[in-house]
Amino acid sequence: MTSPRRRGLRLGGKLGVGLAIVAAVTAALLLLWVGPRTKAMFLDGSGRLITESSNVMRAMARERTEQSTELLVDLIQYTTDARHRLLADLPLSLYAGGGDLERLRQELQTRDAARAEQLRANVGILAREMERRAVRRIEAELERLEVEQAALGEALAGEMRVTSLLLAGLALAASIALIGVGLYRVVVRPLRELRTAARSVAGGDLAVEVAVASRDEVGDLAADFATMVGRLRASRDEIGRKNAELRDWNETLEREVARKTEHLRRAQRRLVHAAKMASVGTLAGGVAHEFNNVIGGIRGCAVEALEDERDPDRREVLEVIVRAAGRGVDITDQLLRFARQRVHAVGPVDVARVLDESLRLVEARARKAGVTVERSGAERLPACADASALHQVFLNLATNAIQAMPDGGVLHVSAGLDGDEVMVCIRDTGTGIAADQLEHVFEPFWTSRDREADPARRGTGLGLSVSYGLIEAHGGSIDVASEPDVGSTFTVRIPEQGPTSDEDGSDDSERSRIDD
Amino acid sequence: MKACCAALAALALSAAAPAQEVTRPWRLGVLLWHRSPNDLRALDGIRNALKVAGRPHQILVEEADSDQARAEKIVGDFRDRGVDLVLAMGTEAALICREHLHDLPVVYTAVTNPVESGVVSGWPGSGTNLAGNSNWIPPETVLGVFRRAVPRLARLGVLRSEQTGVVSAAELAEMRRYLGERPAGVPRVELAEEVAVGADDLEAAVDRLAVTGCQAIWIPIDFLVYENIERVARAAAGHGLPLVSSSLRGATSGAVAGVVVDYEMLGERAALIVLDVLERGRDPGTIPVGTMQGYQVVVNIGAARELGYEFPLPLLALADVVLDDPSEEGGR
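Chains as they are written, first to last, in our numbering: chain A, 177 to 692; chain B, 299 to 630.
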């Protein structure tokens, strides 16, 4: 069980830290650069506005003073002229005609008073009008100043906007760069590595390692991925072991099946052969026994006759009869041996020595036939078998091999251990056996056509079947492989430990191994 | 100062003249062509003067409502009713009297230019039964006031009518003569004239004047024009042009400034002529046309405010009549 990962700064935290850094830098820029710059602009603009306002007010005051002076001068002049015109227009005769100078004076006073009243009213109106115009002008000036102030404010705002946009742009760019770099380093690159690792895993490479050591969500993902790969690896190894076990079991099963099949085949062959052999043996035993008696009688009489016969011609005939009878005895002997084939004296035997002895017996014949005998393999092969039976088998096979090479050749004999079996191979470079005849070679009385045509090579056809039976009796087997005009190879196998009591050659130990 | 001495001298001479007693009240017929403020003020002056003079009198006021036939009938009635003298208020009344009244003395007043309008043949005297005075203001005085109202005046539009433009035509002619003979130092002013063919053409005439590039529009004494002064003022305001007037009606009804005579004093001076004729037996035809030296400057702040026109403060300071509210009148 793996220890839990220590949690580090998560992605959100990293992003927050980065953005906080950007915000701090932006705030610092604002404080250290934007603030003073804005303040300077504001002070400059405000100072200019104040100065302009002061100038305008001073100009207005000056103008008002000048206006007032001009007005006063103008008024005095106009009043004087108006007075003259009044006196010119006044119908004095109206007053003087009645001698009413007092009335004239009153008229003048009345007109003067009216004029003075008018002037006072005019002054009041003038003052109001001047005030109104001054107010309008001041308002206009204030409006202008407001416009300028607004323009200044707008300029400031514009400057602030530009600066803010610049800063915002810089901050955004920095944030984007930071986020981009951060994303690349914290997310994209690790995810690429994870992706590469995933592809490798998909391709079957479970030995891939992901070098992501961060302690954030991506690190967690990488750790989980590594865990997953580890488990996949373990599963694959497990599957591999299981597959290997299955293969072993499969191979074992196949071997057992093959062995059992071979056993069954052998058993079948043995059964068939045994049945044949049993039938033939029974027949041959009966015939040979009866025939042996007859032949024995004939031979006996011929021998007695020969002892007393002096005629050379008759003596030749009797000798032929004796020889033929002898041959008949041989045949009956073989038939009797065939009928009575079984292993008798099973004991520790050096199979290699028995083989060598058998080969010595055929050396002369081999030399005569131009056949080279080659011996290879173990020089000592202890086993539990019937030496006599083995000798008969080896002799028979060697003889057949020499007979198969009428024009000379090579007889190669090898002996060794194959598992728990002693294996002897006898190979010749003779005429070979046709493929359609191979299954019949161990049948009784089988001979090849060629052999039948050649009297020197003619036999009883029982040698191979007798050898087959003897080896089967050991619990072993004889197999033949041949190719016409190339040669034949007879392979003899017998259990090293000797035959079991079971006649079909199988034993309980083998059956139990297969069941296991 | 000189004027003051002359006035005192005249006073002394008058005091030496023998007084003539009137045994019965004078019957004075007054023909008003229309209810012109000028004429009404002048009539007030006549009444005041006669009262001052202590002459018993009876004034019979008849209005013609601008009707020729009616005016002629009034004149006939005056004759039939045996008035001693007929007072003709305004140019049209004077002309009616000149045509239809030959056997009674006629004293006219509030006639801007009696010679140009045909009331009399000459300024020294009519040679007929008509005598009177004029509210004529010299063009230099009119232009002087207009320049105070419109500084840097270079082009002055003139609006008058075809139907009632007799007086205004005379004013314009005098102004042209003055400008043509202007003394050195007097800035040049060009005049642009438009004559409206009727009341409905007044606004179009104003529009035509505006195209000439004038800086102000002068409304001379023209009945049709100042009877429709409000329309004219609105039309001029549409072009941002101030109106200046030489009539009381114009000055008080839409013009930002005007120069007018003191019609009351004019009437008083007309009363002197009446006294001359009836009391002293003077031949009206030998009496020169009386004129005024004085004038009144009228400033209409309300009209200026409505127009958005800011006229120079000096004019406001010396104005004789200041109208702050268009419905009010200032002055005496």
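We treat Cβ as the ideally placed atom computed from N, Cα and C, and that holds for glycine.
Check                                                                                                                                                                   : Outcome
Quick check on methionine 702 of chain A: does DSSP put it in helix, strand or coil?                                                                                    : Residue 702 of chain A falls outside the range modelled here, since chain A spans only 177 to 692, and no answer is possible.
Residues in the same chain with beta-carbon distance under 8 Å from leucine 332 of chain A, minus the five sequence neighbours each way, listed in chain order, please. : Thr214, Met217, Phe218 and Gly221
What residue from A:Ala303, A:Val384, A:Ala389 and A:Ser590 has the CA that sits closest to proline 366 of chain A's CA?                                                : A:Ala389
Compare the C-beta of asparagine 337 of chain B against all C-beta atoms of chain A and say whether one is closer than 8 Å.                                             : Note that residue 337 of chain B is aspartate in the sequence shown here, rather than asparagine. No, no contact with chain A.
Alpha carbon to alpha carbon, how far is alanine 420 of chain A from isoleucine 609 of chain A? Give it in angstroms, no decimals.                                      : 43 Å
With 16 as the cutoff for other CB atoms within 10 Å, does leucine 429 of chain A come out buried or exposed?                                                           : exposed
Hey, is the stretch 252-271 of chain A in contact with the stretch 582-595 of chain B, meaning 3+ C-beta pairs nearer than 8 Å?                                         : yes
So with CB distances below 9 Å, who are the chain B contacts of glutamate 307 of chain A?                                                                               : Result: empty, since nearest Cβ-Cβ is about 11 Å, beyond 9 Å.
Would you tell me roughly how many angstroms separate the C-alpha atoms of arginine 475 of chain B and glutamate 438 of chain B, rounded to the nearest one?            : 11 Å
Closest Cβ-Cβ distance between isoleucine 301 of chain A and chain B: below 8 Å?                                                                                        : yes
Would you identify the three-state DSSP class for asparagine 431 of chain B, choosing helix, strand or coil?                                                            : strand
Could you spell out the range, first to last residue, of the alpha helix (DSSP H) harbouring phenylalanine 609 of chain B?                                              : Taken as a continuous stretch (DSSP letters only), phenylalanine 609 of chain B belongs to no alpha helix (DSSP H), as it is neither H nor E.
Using alpha carbons as the reference points, say which of A:Asp265, A:Gly651, A:Gln253 and A:Leu247 lies closest to leucine 570 of chain B.                             : A:Asp265
Residues of chain B with a CB under 9 Å from the CB of proline 212 of chain A: which are they?                                                                          : Those within 9 Å of proline 212 of chain A in chain B number zero; the least Cβ separation is about 46 Å.
Establish whether the CB of aspartate 581 of chain B and some CB of chain A are separated by less than 8 Å.                                                             : no
Going by C-alpha to C-alpha distance, which of B:His537, B:Asp363 and B:Glu577 sits closest to leucine 605 of chain B?                                                  : B:His537
Restricting to runs no shorter than 4 residues, where is the alpha helix (DSSP H) found entirely within the stretch 509-589 of chain A?                                 : 527-537, 539-545 and 563-579
Alpha carbon to alpha carbon, how far is leucine 477 of chain B from valine 487 of chain B?                                                                             : 7 Å
Excluding the 5 residues flanking glycine 606 of chain A on each side, which residues of the same chain have their C-beta closer than 7 Å to its C-beta?                : Ala577, Ala580, Met581, Gly585, Gly663 and Ser664
Quick one: which chain A residues come within Cβ less than 7 Å of methionine 590 of chain B?                                                                            : Asp265
Report yes or no: do the stretch 421-434 of chain B and the stretch 581-588 of chain B share at least 3 C-beta pairs separated by less than 8 Å?                        : yes
Between the alpha carbons of glutamate 330 of chain A and leucine 318 of chain A, how many angstroms are there, rounded?                                                : 17 Å
For arginine 603 of chain A, which of A:Gly637, A:Glu659, A:Leu195 and A:Ala559 has the nearest alpha-carbon?                                                           : A:Glu659
Between the stretch 221-246 of chain A and chain B, which residues of the former have a C-beta closer than 7 Å to a C-beta of the latter?                               : Gln243 and Glu246
Compare the C-alpha of aspartate 532 of chain A against each of A:Ala521, A:Glu550, A:Gly472 and A:Arg431 and name the closest.                                         : A:Glu550
Helix, strand or coil for glutamate 672 of chain A per DSSP?                                                                                                            : coil
Going along chain B, which residues have a C-beta under 7 Å from arginine 261 of chain A?                                                                               : Gln591 and Gly592
In or out: tyrosine 360 of chain A buried (at least 16 other Cβ within 10 Å) or exposed?                                                                                : exposed
Looking at arginine 450 of chain B and leucine 613 of chain B, is the spacing between their C-beta atoms short of 8 Å?                                                  : no
Out of B:Leu616, B:Val620, B:Asp622 and B:Leu621, state which residue places its alpha-carbon closest to the alpha-carbon of valine 249 of chain A.                     : B:Leu616
Where valine 381 of chain B and leucine 326 of chain B are concerned, what is the direct C-alpha to C-alpha distance, given to the nearest angstrom?                    : 6 Å
From the DSSP output, in three-state form, read off leucine 447 of chain A for me.                                                                                      : helix
Is the stretch 404-413 of chain B close to the stretch 385-395 of chain B, with three or more CB pairs under 8 Å?                                                       : yes
Please check if any C-beta of chain A sits within less than 8 Å of the C-beta of valine 350 of chain B.                                                                 : yes
Name the DSSP bridge partner or partners of tryptophan 324 of chain B?                                                                                                  : B:His355
When the distance is taken between beta carbons, is phenylalanine 609 of chain B closer than 8 Å to valine 554 of chain B?                                              : yes
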